[in-house]
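Chemist: FYI, the numbering used here numbers position 142 of the sequence shown as 142, with every residue one higher than the one before it.
All C-beta atoms in this analysis are idealised placements derived from N, C-alpha and C, irrespective of residue type, glycine included.
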Amino acid sequence: MIFTKETAQQTAELLLQINAIKLNPKNPFTWASGWKSPIYCDNRITLSYPAIRKYLKEEFAKHIVAKYGQPDVIAGVATGAIGIGLLVAEALELPFVYVRPEPKKHGRQNQIEGQLEPGKKVVVLEDLISTGKSSLQAVEALKENGADILGMAAIFTYEFQVAKDNFAQAGVELTTLSNYTSLLENAVKQNYISASDLETLQEWRINPSTWNQ
1 MIFTKETAQQ TAELLLQINA IKLNPKNPFT WASGWKSPIY CDNRITLSYP
51 AIRKYLKEEF AKHIVAKYGQ PDVIAGVATG AIGIGLLVAE ALELPFVYVR
101 PEPKKHGRQN QIEGQLEPGK KVVVLEDLIS TGKSSLQAVE ALKENGADIL
151 GMAAIFTYEF QVAKDNFAQA GVELTTLSNY TSLLENAVKQ NYISASDLET
201 LQEWRINPST WNQ
């Protein structure tokens, strides 16, 4: 689910402008998982553009309060959402914590960095949703530490069915600034991709794990 159509379109346009999202159906990227993909998304690039990171910060802050009311804590999923999570927490004047993929092997062996008291209402931020597995692991860690999870908000989602199923099974509501559908609509409007490219990109989203094999 996106917050609003207008925000989704504007966010997609900005991500394309700075090459945070690259579309290359004819020369696919290879993800760490081994999947072949006609798209590559690195939303951490947005932090290098003051006007764009301000836009993302303000949109997150506005929509989070409209949807959930004022949470007690903003949590970012390491490492991609630490930067944007902190900006949003600052905008809302809220405490911030971030969640590692797993506890540290040394020191205090923390998985959650920062002060989180049990019972606090938390909105979790992500930069990107693919299958949702690592994002939901962070949510589970927060729950185990007593957090009341209001929902997860992310900059962008590929809209994979496996992610929708994973979030539904976990009982976690996901809302994003933009999504794959909005991205393709924007890319067509800007003549960023051809009609044949659009067909390829639509096919990939349906079967990403087996595409181009």
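Does DSSP classify Thr4 as helix, strand or coil?
Modeler: Position 4 of the sequence shown, counted from the first residue, corresponds to residue 4. The answer is coil: DSSP assigns Thr4 none of H, G, I, E or B.
Chemist: Threshold first: 4 residues or longer. Then list the alpha helix (DSSP H) segments lying entirely within the stretch 110-167, N to C.
Modeler: Here the runs fully enclosed are 133-144.
Chemist: Spell out the partners DSSP gives Thr176 in its beta bridges.
Modeler: The residue given as residue 176 occupies position 176 in the sequence shown. Answer is Ile2, Ala154.
Chemist: Buried or exposed for Ile206, please, with buried defined as at least 16 other CB atoms from any protein chain shown within 10 angstroms of its CB.
Modeler: Here the question's residue 206 lines up with position 206 in the sequence shown. That one is exposed.
Chemist: Please classify Asn179 as buried or exposed, where buried requires at least 16 other C-beta atoms within 10 Å of its C-beta.
Modeler: On the sequence shown, residue 179 is found 179 positions in, with the first residue counted as 1. Flag for Asn179 reads buried.
Chemist: Assign Ile206 to one of three DSSP states: helix, strand, or coil.
Modeler: In the sequence shown, the residue the question calls residue 206 occupies position 206. Note: Ile206 maps to helix in three-state DSSP.
Chemist: Can you have a look at Ser196 and say buried or exposed, based on whether 16 or more other CB atoms are within 10 angstroms of its CB?
Modeler: On the sequence shown, residue 196 is found 196 positions in, with the first residue counted as 1. Its Cβ having fewer than 16 others within 10 Å, Ser196 is exposed.
Chemist: Runs of 3 residues minimum, wholly inside the stretch 15-72: which ones carry the beta strand (DSSP E) assignment?
Modeler: If we require 3 residues or more, the beta strand (DSSP E) runs fully inside the stretch 15-72 come out as 21-23, 39-41.
Chemist: Taking buried to mean at least 16 other C-beta atoms within 10 Å of its own C-beta, is Asn43 buried or exposed?
Modeler: One-based indexing of the sequence shown puts residue 43 at position 43. So Asn43 counts as buried.
Chemist: Sort Ile64, Glu203, Ala141 by Cα distance to Val77 and report the nearest one.
Modeler: On the sequence shown, position 77 is the one that residue 77 refers to. Nearest of Ile64, Glu203, Ala141 to Val77, Cα basis: Ala141.
Chemist: DSSP three-state call for Gly80: helix, strand or coil?
Modeler: Residue numbering aside, residue 80 sits at position 80 when the sequence shown is read from its first letter. Note: Gly80 maps to coil in three-state DSSP.
Chemist: Might you give, ordered along the chain, the residues of its own chain that have their beta carbon closer than 6 Å to the beta carbon of Gly132, omitting 5 neighbours on each side?
Modeler: Residue mapping note: residue 132 aligns to position 132 of the sequence shown, counting from 1. Cβ neighbours of Gly132 beyond the five flanking positions: Ala163, Asn166, Phe167.
Chemist: Give a yes or no on contact between the stretch 41-60 and the stretch 9-20, applying the rule of three or more CB pairs nearer than 8 Å.
Modeler: Touching, yes.
Chemist: Less than 8 Å between the C-beta atoms of Asp127 and Gly80, yes or no?
Modeler: The sequence position of residue 127 within the sequence shown is 127, counting from 1. The sequence position of residue 80 within the sequence shown is 80, counting from 1. Against a cut-off of 8 Å, the Cβ pair of Gly80 and Asp127 comes out as a contact.
Chemist: For the stretch 183-195 against the stretch 85-101, are there 3 or more C-beta pairs whose distance is under 8 Å?
Modeler: No contact exists between the stretch 183-195 and the stretch 85-101.
Chemist: Taking the straight line between their C-alpha atoms, what separation do you get for Pro103 and Asn110?
Modeler: Walking along the sequence shown from the start, residue 103 turns up at place 103. Walking along the sequence shown from the start, residue 110 turns up at place 110. Those two C-alpha atoms are separated by around 5 Å.
Chemist: Label Asn186 either buried or exposed according to how many other C-beta atoms from any shown protein chain fall within 10 Å of its C-beta, with 16 as the threshold for buried.
Modeler: Counting from one through the sequence shown, the residue named residue 186 turns up at place 186. So Asn186 counts as buried.
Chemist: What does Val99 pair with, by DSSP beta-bridge criteria?
Modeler: By one-based count along the sequence shown, residue 99 stands at place 99. DSSP output for Val99 lists Val77, Ile112 as bridge partner(s).
Chemist: Roughly how many angstroms lie between the CA atoms of Val73 and Glu6, to the nearest whole one?
Modeler: Residue 73 sits at position 73 when you count from the first residue of the sequence shown. Residue 6 sits at position 6 when you count from the first residue of the sequence shown. For Val73 and Glu6, the distance between alpha carbons rounds to 27 Å.
Chemist: I'd like to check one pair, Gln9 with Ser182: are the Cβ atoms closer than 8 Å?
Modeler: On the sequence shown, position 182 is the one that residue 182 refers to. On the sequence shown, position 9 is the one that residue 9 refers to. Contact flag set, yes.
Chemist: What did DSSP end up calling Gln190 once you bin it into helix, strand or coil?
Modeler: Residue mapping note: residue 190 aligns to position 190 of the sequence shown, counting from 1. DSSP places Gln190 in coil when its eight states are reduced to three.
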